[in-house]
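What follows is a set of notes on a single structure, which appears directly below.
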Amino acid sequence: MPLRSFDQIYRINEDSKVAKWSFAFLVFLLAILFLPWTQNIKSKGNITTLYQEHRAQNINSPIPGKIVKWAVREGEFVKKGDTIMHISEIKEDYLDPNLIGRTREQLEAKKGTIEFYERKAATASVQMEALRESEKLKIDQLNNKLKQLDNKLASEKAELEAVTNEYELAKNQYERQQKMYEDGLVSQTQLQQRNLAFQNALAKRVMVDNKLAQTQQEVINTRIEQNSVKQEYAEKISKTEGDRFQSMSNVTTGEAEVAKLENQVSNYIIRNDMYTILAPQDGQIVQANKAGIGEILKDGERIAVIVPTRVHYAVEMYVEPVDLPLISVGQKVRFMFDGFPAIVFSGWPNNSYGTFGGKIVAYENTISPNGMFRVLVEEDDTEDKKWPAQLKLGTGAQGIALLKDVPVWYELWRNINGFPPDYYNLQEQKANEKVKIK
Numbered sequence: 013m014p015l016r017s018f019d020q021i022y023r024i025n026e027d028s029k030v031a032k033w034s035f036a037f038l039v040f041l042l043a044i045l046f047l048p049w050t051q052n053i054k055s056k057g058n059i060t061t062l063y064q065e066h067r068a069q070n071i072n073s074p075i076p077g078k079i080v081k082w083a084v085r086e087g088e089f090v091k092k093g094d095t096i097m098h099i100s101e102i103k104e105d106y107l108d109p110n111l112i113g114r115t116r117e118q119l120e121a122k123k124g125t126i127e128f129y130e131r132k133a134a135t136a137s138v139q140m141e142a143l144r145e146s147e148k149l150k151i152d153q154l155n156n157k158l159k160q161l162d163n164k165l166a167s168e169k170a171e172l173e174a175v176t177n178e179y180e181l182a183k184n185q186y187e188r189q190q191k192m193y194e195d196g197l198v199s200q201t202q203l204q205q206r207n208l209a210f211q212n213a214l215a216k217r218v219m220v221d222n223k224l225a226q227t228q229q230e231v232i233n234t235r236i237e238q239n240s241v242k243q244e245y246a247e248k249i250s251k252t253e254g255d256r257f258q259s260m261s262n263v264t265t266g267e268a269e270v271a272k273l274e275n276q277v278s279n280y281i282i283r284n285d286m287y288t289i290l291a292p293q294d295g296q297i298v299q300a301n302k303a304g305i306g307e308i309l310k311d312g313e314r315i316a317v318i319v320p321t322r323v324h325y326a327v328e329m330y331v332e333p334v335d336l337p338l339i340s341v342g343q344k345v346r347f348m349f350d351g352f353p354a355i356v357f358s359g360w361p362n363n364s365y366g367t368f369g370g371k372i373v374a375y376e377n378t379i380s381p382n383g384m385f386r387v388l389v390e391e392d393d394t395e396d397k398k399w400p401a402q403l404k405l406g407t408g409a410q411g412i413a414l415l416k417d418v419p420v421w422y423e424l425w426r427n428i429n430g431f432p433p434d435y436y437n438l439q440e441q442k443a444n445e446k447v448k449i450k
């Protein structure tokens, strides 16, 4: 008969629970294999900003000059428009302290010259009108004289025709009287009387003919005078118009010089404003390049750097070329920022602690010098947990780009076989999420 103590020590007659615990553990493992696992792409990055004006900016000297006074200290915070430093002029073209006033005096003198030439051009226009009126009156006067001469010429032609008829009659009578005298029918006295009448008619005809020729010559002279008047006034008008055009040319040249002087005055005023260098935006002054008073600044030389105080932060991270097809705009990303503690469960981002949400806003289509593609991620506004206000430009960040939800067994099988994460469409994923919510 076996000893009782032996049964109590080895418990041979009792049922073992190892099999039950082993079976339960296997069921637990099998259940874990079917839990959802979020595929992801891990990458390191840095804090940056999407807007160029939110990045650290150089404050450059707009003109060459000499430092007169610093108005801020390095590390000091300034507001937009605050004075950073004062500089003075070093170029000899701008050393005159009354440069703007003297240039304005030149400008006013040139405007006075323009006014003089404008009046001269106006006077020339009035003179041209007077010459045209005088020419018209002179031509009208000569035209009236020509009309009078035409009437006189017509009268003399009629008189010549009458005298010619009278001459022909006297000639005919004289010739008949001479024949009758030869036949002895009339006396010599009667013949002489007819000859005298004939000679008088001839003289009268010659006189009227000469008078007609004289009138015709007057007509020709008047027409010549008329052409001479036209030529004379054309020359006077042309000369006056030439003077007018010259005055207008001087006006145009003066206006160009006035515009140039006005431009110079504006440039001098703007240059005077450049002697005071102002802060372009709110920020902190760092990395001052010049230390003392009296140092010379070159045109465009950096004076200091201003770091904006208000920044719209983003994260720049880099992904491998093999992972680039899995990246899309609007895709969710979880971040762990340097200096902020976090507990991360890679496949269950929603159960992680200390991570912050983001979404991809852009990615570059060209490879970077480091052999990877640059991706920009901004804060996700739909997340309740905002990014820390203590973030600074350049702070390190570790990003986890969230991909497709798959079972744990599938993710293990994928990693064992070295397959890449599954490609998926972000729009289809959002549609599926909406269906699940409903």
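Residue numbers (our numbering): 13 to 450. Here a beta-carbon is modelled for each residue, glycine too, at the ideal position from N, C-alpha and C.
Run through the DSSP bridge pairs and tell me what residue i is partnered with.
i: Trp82; result: Met97
i: Ile112; result: Answer is none; Ile112 lacks a bridge partner.
i: Arg386; result: Tyr330
i: Phe89; result: Gln296
i: Gly369; result: Arg346
i: Thr378; result: Note: Thr378 sits in no beta bridge, so no partner.
i: Lys317; result: In the sequence on display, residue 317 carries Val and not Lys. Paired residue(s): Asn70, Val298.
i: Tyr325; result: Thr61
i: Glu391; result: Gly370
i: Ala409; result: Gly57, Phe349
i: Thr288; result: His98
i: Ile308; result: Lys78
i: Ile355; result: Tyr365
Using CA coordinates, which residue listed in the options is at the minimum distance from residue i?
i: Arg314; options: Leu403, Gln69, Phe37; result: Gln69
i: Leu154; options: Ile236, Ser261, Arg322, Asn279; result: Ile236
i: Pro320; options: Gln64, Ile96, Phe35, Leu38; result: Gln64
i: Leu41; options: Asn262, Pro419, Ile232; result: Pro419
i: Trp421; options: Phe46, Ser34, Leu38, Val39; result: Phe46
i: Ala409; options: Ser380, Ala354, Lys251, Gln229; result: Ala354
i: Gln190; options: Arg206, Leu405, Glu130, Arg322; result: Arg206
i: Gly304; options: Val80, Pro76, Lys56, Phe37; result: Val80
i: Asp255; options: Arg85, Pro76, Ala134; result: Ala134
i: Val373; options: Tyr365, Phe352, Lys344, Asp350; result: Lys344
i: Lys302; options: Ala316, Gly312, Lys272, Phe347; result: Ala316
i: Gly342; options: Lys272, Arg322, Tyr375, Pro333; result: Tyr375
i: Asn279; options: Ile112, Asn72, Val175; result: Ile112
i: Arg144; options: Ala246, Leu107, Asn212, Val198; result: Ala246
i: Asn212; options: Lys371, Phe352, Lys183, Gly312; result: Lys183
i: Lys169; options: Asp195, Met219, Leu181; result: Met219
Assign residue i to one of two classes, buried (16 or more other C-beta atoms within 10 Å of its C-beta) or exposed (fewer than that).
i: Ala456; result: Only positions 13 to 450 of the chain appear in this structure, which leaves residue 456 out of reach.
i: Arg217; result: buried
i: Lys122; result: buried
i: Met13; result: Reliability fails at Met13, whose pLDDT of 46 lies under 50, so the model's placement of it is uncertain and no value is given.
i: Trp82; result: buried
i: Phe37; result: exposed
i: Lys91; result: exposed
i: Val138; result: exposed
i: Arg346; result: buried
i: Ile59; result: buried
i: Ser199; result: exposed
Given this structure, state the Cα-to-Cα distance separating residue i from residue j, to the nearest angstrom.
i: Leu388; j: Glu328; result: 5 Å
i: Lys32; j: Ile44; result: 18 Å
i: Glu120; j: Asp105; result: 21 Å
i: Val241; j: Leu224; result: 26 Å
i: Thr50; j: Leu414; result: 7 Å
i: Asn382; j: His66; result: 25 Å
i: Lys400; j: Ala291; result: In the sequence under discussion, the amino acid at residue 400 is Pro, which differs from the Lys named in the question. If I take the Cα positions, the gap works out to 27 Å.
i: Ile53; j: Glu390; result: 17 Å
i: Asp285; j: Glu117; result: 21 Å
i: Lys310; j: Ile318; result: 19 Å
i: Lys56; j: Glu86; result: 32 Å
i: Ala326; j: Glu307; result: 39 Å
i: Gln439; j: Tyr330; result: Confidence in Gln439 is poor, its pLDDT being 49 and thus under 50, which makes the residue's placement too unreliable to answer from.
i: Lys450; j: Ser340; result: Only weak support is given to the placement of Lys450: the predicted model assigns it a pLDDT of 42, under 50, and the value that follows is read from those uncertain coordinates. One C-alpha to the other measures close to 25 Å.
i: Val298; j: Glu88; result: 8 Å
i: Glu269; j: Thr125; result: 11 Å
i: Asn177; j: Ala215; result: 13 Å
i: Gln238; j: Ile151; result: 6 Å
i: Glu127; j: Gln258; result: 14 Å
i: Lys448; j: Asn377; result: Confidence in Lys448 is poor, its pLDDT being 42 and thus under 50, which makes the residue's placement unreliable; the coordinate value appears in the next sentence. So the alpha carbons of these two residues sit roughly 34 Å apart.
i: Thr95; j: Pro48; result: 59 Å
i: Met348; j: Gly93; result: 37 Å
i: Thr265; j: Gln276; result: 17 Å
i: Val84; j: Glu130; result: 55 Å
i: Ala443; j: Ile379; result: Confidence at Ala443 is low in this model, with a pLDDT of 49, below 50, so the placement of that residue should be treated as unreliable; the coordinate-derived value is given next. In a straight line, the C-alpha of Ala443 is about 32 Å away from that of Ile379.
i: Lys404; j: Tyr287; result: 33 Å
Could you round the C-beta distance between residue i and residue j to whole angstroms and report it? I think they count as a contact, below 8 Å.
i: Lys78; j: Ile99; result: 6 Å
i: Ile289; j: Met97; result: 5 Å
i: Leu165; j: Val231; result: 7 Å
i: Asp221; j: Leu161; result: Contact flag wrong, Cβ pair sits at about 17 Å.
i: Phe385; j: Pro333; result: 7 Å
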